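Engineer:
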Amino acid sequence: MLKVYNKLLKEFGKQHWWPVTNKTEDQRSSSDSRFEICVGAILTQNTSWQNVEKAIKNLIESNMLSKEAIRNATINKVAKLIRSSGYYKQKAKKLKIFASFSGSISRENLLSLWGIGPETADSMLLYAYNKPYFVVDAYTKRIFTRLGMIKGDESYEEVRALFEKKLPKDVEIYKEFHALIVELGKRYCKKEPDCKNCPLKSDCGHAIKHK
DNA sequence: CGCCAGGGCCTCA
DNA sequence: TGAGGCCATGGC
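Here the first sequence stands for residues 15 to 225, where the numbers follow our numbering.
Written out as structure tokens, the structure is:
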């Protein structure tokens, strides 16, 4: 597991995922940047990050990227701004529900909110709140199934538990590893994988079978 | 034109 | 508790 991480880190370098907006030009507070990460986590559900970036840009330009602004806006107003991220009516509702949540941020509380499932909750906890929850996504399952390290029919929680058991409990490693997994999934371990050029081909039984 | 992207909810067995 | 349908835009 750590070997895979180190290989990917060497191959791709640091990914620096979140926070996205450059904090040089405006003095956004850390709570602003936290909220922005959580918004991104919701908007990117089953959606390419490019489409999400446009939506976030629209929110910023309308001065709407804050809990208060989203909480006080109508669903339609939010929906219009985030249209490019897809599923925009659902996501507008999800954003409003999250922006209206005033309890403490725990995994259990996040999961109790409509629109926040395990991956979104863990993304928020890890990237916005620096808590050691490993984020499992479709790429993670696909890649580690092909690597032969899981069977592929495990539940989200089972896969998460495996990673958290195998890896040192280190937030920075969790953040970087998940980002690297996404990068490998996008570049090589696609639905139709490009095994020939994959940096993990020497470790991967799947790559050997598929020439 | 078809396929898919940094999922989650609902329904129905 | 798990499979299948649904949500929707934009890039290639």
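Glycine residues also receive a C-beta, built at the ideal position from the N, C-alpha and C atoms. Predicted model, so just to flag it, every value in this text is computed and none were measured.
Since Ser99 and Asn65 are thought to touch, with beta carbons under 8 Å apart, how far apart are those beta carbons, to the nearest angstrom?
Structural biologist: That pair is a contact at about 5 Å.
Engineer: Skipping 5 residues on each side, what residues in its chain have a beta carbon closer than 6 Å to that of Tyr19?
Structural biologist: Taken in chain order, the residues that qualify are Phe191.
Engineer: Between which two residues does the alpha helix (DSSP H) carrying Asp46 extend?
Structural biologist: Looking at the DSSP string, the run of the alpha helix (DSSP H) that includes Asp46 is Ser44 to Leu57.
Engineer: If I measure Cβ to Cβ from Lys105 and keep anything under 7 Å in the same chain, skipping five residues before and after, which residues do I get?
Structural biologist: Within the same chain, Lys105 has close Cβ partners Ile56, Leu57, Ile96 and Ser99.
Engineer: Do Ile164 and Leu181 have their C-beta atoms within less than 8 Å of each other?
Structural biologist: No.
Engineer: Could you name the residues of the same chain whose beta carbon sits closer than 7 Å to that of Gln29, not counting the 5 residues immediately before and after it, in chain order?
Structural biologist: Cβ within range, chain order: Glu190, Ala193, Leu194 and Glu197.
Engineer: For Phe115, which residues from the same chain have a beta carbon less than 8 Å from its beta carbon, with the 5 sequence-adjacent residues on both sides left out?
Structural biologist: Taken in chain order, the residues that qualify are Asn123 and Leu127.
Engineer: Give the secondary structure of Tyr298 by DSSP, where H, G and I count as helix, E and B as strand, and everything else as coil.
Structural biologist: As displayed, the chain neither begins before 15 nor continues past 225, which places residue 298 out of reach and without an answer.
Engineer: Unbroken alpha helix (DSSP H) runs of length 4 or more, entirely within the region 58 to 136: which are they?
Structural biologist: Listed in chain order, the complete alpha helix (DSSP H) runs (minimum 4 residues) inside the region 58 to 136 are 63 to 75, 81 to 86, 89 to 95, 102 to 114 and 121 to 125.
Engineer: Taking 8 Å as the cut-off, does the region 200 to 216 touch the region 155 to 169 (at least 3 CB pairs, one atom from each stretch)?
Structural biologist: Yes, the region 155 to 169 is in contact with the region 200 to 216.
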